[in-house]
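Report on the following structure.
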Amino acid sequence: MSETITRLEGEIRGSLLNQGKEEIISGGYKISVKENDQIEITELPPLNLEQLELPLNTQSEKSKKGGTP
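What the sequence shown shows, in the numbering used here, is residues 96 to 164, in sequence order.
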């Protein structure tokens, strides 16, 4: 079990560093690499996500292709 956790932490850390980021927000969670090189995962309440005012994709497939929604 601990080998799996260590492997997953390494993959997350590598992915973030490859993107040049120290944290990302995905699926209602904030995933961060801390100074001690550990991964921290924080669940964000829906209200906090709304306050971040991230661009949300609300268009239908038709409107993306130039049709009417």
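Beta carbons are placed, not taken as given, at the ideal position from N, Cα and C, and that holds for glycine.
As the structure is a prediction and not an experimental result, all values here were calculated from the model.
Beta carbon of residue i nearer than 8 Å to that of residue j
| i | j | result |
| --- | --- | --- |
| Ile107 | Ile126 | yes |
| Glu117 | Leu111 | yes |
| Leu139 | Gly123 | yes |
Bridge-paired residues (DSSP) for residue i
| i | result |
| --- | --- |
| Lys125 | Ile120 and Thr137 |
Proximity test, Cβ basis, 8 Å: residue i and chain B
| i | result |
| --- | --- |
| Thr99 | Structure shown: chain B not included; a single protein chain is present. |
Range covered by the alpha helix (DSSP H) that runs through residue i
| i | result |
| --- | --- |
| Asn113 | Ser97 to Asn113 |
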